[in-house]
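Chains as they are written, first to last, in my numbering: chain U, 202 to 396; chain V, 2 to 169. Yeah, the Cβ is synthetic: ideal placement off N, Cα and C, and Gly gets one too.
Structure below.
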């Protein structure tokens with residue numbers, strides 16, 4: 202049991218609000234903020250607890266940072282901590298995201314916006330390809346098993362582009378392939394982006 | 002009923018992907034062309050990189066484009082609920098989580114979604130424009146993202162300037 206008294210909801214909300222709104226760019230910048238605020242600043246979480254929660258969050262579906270917020274929130278203040286942490290991180294950032302989208306919709310037809318989008322589009326697509334490559338990058342460090350990983354990435358890529366199987370089928374097949382053939386290897390790499 | 006179906010689309014895309022942006026291939030399959038188009042997807046991705054918080058929050062922008070504020074709320078709730086499956090799992094099935102087959106399963110999904118995300122990126126790059134300057138811009142964005150030195154917001158800014166200068 203921890204000797205520490207759980208922090209008040211207001212302080213916890215404030216901490217996660219700061220994390221959610223001050224970490225522009227997502228991924229590692231958000232992870233960095235979480236560690237700095239919870240471990241170093243408030244000392245609600247020890248270094249070891251943070252590392253363990255991070256490793257577990259990598260096994261979650263969806264946005265790993267949400268799983269991390271949930272795990273750390275539970276550690277700090279139980280169920281109340283989960284709700285406050287996930288809500289505090291996600292709600293303000295989501296509100297800002299939705300408001301930017303709404304404002305953008307108002308000027309979407311303006312000739313200058315149309316021109317800007319001709320440049321923003323390729324950048325957004327390029328960043329997506331870049332993030333996919335980062336997700337796949339650990340393959341290059343995996344020695345003789347790299348061929349299995351590479352085969353899985355290439356197969357998923359080819360199947361989706363050729364349109365011969367539904368996306369969800371590819372994910373199911375990847376899960377089954379991984380459970381049977383990739384289990385002897387270490388779990389998801391620490392190089393994988395937190396997003 | 003349609004609202005419930007839309008919420009389930011967002012929940013499913015987060016529940017069956019490992020990582021924030023990994024939900025994109027499933028979302029594109031389910032939302033294009035019924036709710037939005039590739040231009041909408043590109044716009045949501047760019048806004049997701051500009052706004053604070055996790056990368057995966059692009060899904061809220063996509064939700065707004067699909068069904069306004071209600072769509073944004075569905076996306077937010079779906080993306081927030083799915084990862085929390087880890088909470089009961091750490092209590093009820095900790096042994097499974099630490100087993101080698103489960104590690105392999107997660108790894109398989111991560112690698113499969115990397116391939117899917119790559120294919121989705123290539124598809125939307127084609128709809129983003131194939132003029133030589135746009136292809137160069139996309140290649141630059143890939144290199145700078147993998148290199149990780151330039152802030153994503155600056156990268157979107159670079160695209161904006163290039164579009165204003167060359168897109169008219």
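With a threshold of 16 other CB atoms inside 10 Å of the CB of residue i, please say whether the residue is buried or exposed.
i, result
"residue 348 of chain U", "exposed"
"residue 332 of chain U", "buried"
"residue 391 of chain U", "The pLDDT assigned to residue 391 of chain U is 46, lower than 50, so where the model puts this residue is not dependable; a value taken from the coordinates is nonetheless given after this. Classification of residue 391 of chain U: exposed, given that the 10 Å Cβ count is below 16."
"residue 328 of chain U", "buried"
"residue 2 of chain V", "exposed"
"residue 389 of chain U", "Low per-residue confidence applies at residue 389 of chain U: pLDDT is 46, beneath 50, and the placement is therefore not dependable, though the value from the model is reported in the following sentence. It counts as buried."
"residue 263 of chain U", "buried"
"residue 21 of chain V", "buried"
"residue 365 of chain U", "exposed"
"residue 298 of chain U", "buried"
"residue 368 of chain U", "buried"
"residue 4 of chain V", "exposed"
"residue 99 of chain V", "exposed"
"residue 8 of chain V", "buried"
"residue 52 of chain V", "buried"
What residue from the options has the CA that sits closest to residue i's CA?
i, options, result
"residue 266 of chain U", "V:83, V:70, V:75, V:63", "V:83"
"residue 164 of chain V", "U:373, U:382, U:314", "U:314"
"residue 102 of chain V", "U:205, U:380, U:207", "U:380"
"residue 81 of chain V", "U:268, U:360, U:218", "U:268"
"residue 122 of chain V", "V:47, V:149, V:161", "V:47"
"residue 68 of chain V", "U:207, U:242, U:306", "U:306"
"residue 207 of chain U", "U:351, U:377, U:243, U:373", "U:243"
"residue 285 of chain U", "U:248, U:377, U:212", "U:212"
"residue 318 of chain U", "V:168, V:49, V:99, V:107", "V:168"
"residue 56 of chain V", "U:295, U:215, U:363", "U:295"
"residue 1 of chain V", "V:52, V:94, V:60", "Nothing about residue 1 of chain V can be read from this structure; chain V reaches only from 2 to 169."
"residue 70 of chain V", "U:279, U:301, U:288", "U:301"
"residue 162 of chain V", "U:288, U:324, U:350, U:230", "U:324"
"residue 373 of chain U", "V:107, V:132, V:166", "V:107"
"residue 19 of chain V", "V:112, V:97, V:90, V:94", "V:112"
"residue 363 of chain U", "V:54, V:34, V:124, V:148", "V:124"
"residue 261 of chain U", "V:133, V:89, V:152, V:132", "V:89"
Counting only the same chain and skipping the five closest in sequence on each side, list residues whose C-beta sits under 7 Å from that of residue i.
i, result
"residue 281 of chain U", "210"
"residue 290 of chain U", "217, 220, 221, 270"
"residue 23 of chain V", "114, 118"
"residue 425 of chain U", "With chain U covering 202 to 396 only, the question about residue 425 of chain U has no answer from this structure."
Run the proximity test for residue i: is its beta-carbon closer than 7 Å to any non-hydrogen atom belonging to the ligand ADP?
i, result
"residue 98 of chain V", "Among the components modelled here there is no ligand, and therefore nothing to report on the ligand ADP."
For residue i, decide whether its Cβ has a neighbour in chain U, counting only Cβ atoms nearer than 8 Å.
i, result
"residue 120 of chain V", "yes"
"residue 89 of chain V", "no"
"residue 96 of chain V", "no"
"residue 107 of chain V", "yes"
"residue 75 of chain V", "no"
"residue 163 of chain V", "yes"
"residue 129 of chain V", "yes"
"residue 66 of chain V", "yes"
"residue 10 of chain V", "no"
"residue 180 of chain V", "Residue 180 of chain V is absent from the model: chain V starts at 2 and stops at 169."
"residue 58 of chain V", "yes"
Any Cβ of chain A within less than 8 Å of the Cβ of residue i?
i, result
"residue 47 of chain V", "Of the protein chains in this structure, namely U and V, none is chain A."
Please tell me whether residue i has its Cβ less than 8 Å away from any Cβ of chain V.
i, result
"residue 289 of chain U", "no"
"residue 328 of chain U", "yes"
"residue 273 of chain U", "no"
"residue 348 of chain U", "no"
"residue 310 of chain U", "no"
"residue 305 of chain U", "yes"
"residue 233 of chain U", "no"
"residue 265 of chain U", "yes"
"residue 334 of chain U", "yes"
"residue 239 of chain U", "no"
"residue 277 of chain U", "no"
"residue 396 of chain U", "Only weak support exists for where residue 396 of chain U lies, its pLDDT of 48 falling under 50; the coordinates are left without a value."
"residue 283 of chain U", "yes"
"residue 297 of chain U", "yes"
"residue 420 of chain U", "This structure cannot speak to residue 420 of chain U, because chain U is shown only from 202 to 396."
Report all residues from its chain with a CB closer than 8 Å to the CB of residue i; omit the five preceding and five following residues, and keep chain order.
i, result
"residue 66 of chain V", "36, 37, 41, 44, 45, 72"
"residue 375 of chain U", "353, 357"
"residue 393 of chain U", "The predicted position of residue 393 of chain U is uncertain, since its pLDDT is 47 and thus under 50; no value can be drawn from it."
"residue 202 of chain U", "With a pLDDT of only 45 at residue 202 of chain U, under 50, the local geometry of the prediction cannot be trusted, and the value read off the model is given with reservation. For residue 202 of chain U, where only same-chain residues beyond five positions count, there are no Cβ hits under 8 Å."
"residue 234 of chain U", "219, 220, 223, 224"
"residue 139 of chain V", "126, 129"
"residue 246 of chain U", "239, 240, 254, 273, 276, 277"
"residue 156 of chain V", "50, 142, 145, 146"
Can you give me the Cβ contacts of residue i inside the same chain, cut-off strictly under 6 Å, excluding the 5 residues immediately before and after it?
i, result
"residue 16 of chain V", "83"
"residue 11 of chain V", "75, 76, 79"
"residue 383 of chain U", "none"
"residue 14 of chain V", "24, 27, 28"
"residue 63 of chain V", "45"
"residue 110 of chain V", "19"
Practice task
Determine which residues of the segment 133-152 of chain V have a Cβ less than 9 Å from any Cβ of chain U, and write them out in chain order.
Solution key: 134, 135, 136, 137, 138, 139, 140, 141, 142, 143, 144, 145, 146, 147, 148, 149, 152
Exercise for the section: Taking a Cβ distance cut-off of 9 Å, strictly less, list which residues of the segment 24-53 of chain V are near chain U, in chain order. Expected result: 24, 25, 26, 27, 29, 30, 31, 39, 40, 42, 43, 44, 45, 46, 47, 48, 49, 50, 51, 52, 53
Practice task
For the segment 252-264 of chain U, enumerate the residues whose C-beta is nearer than 9 Å to any C-beta of chain V, in chain order.
Solution key: 257, 258, 259, 260, 261, 262, 263, 264
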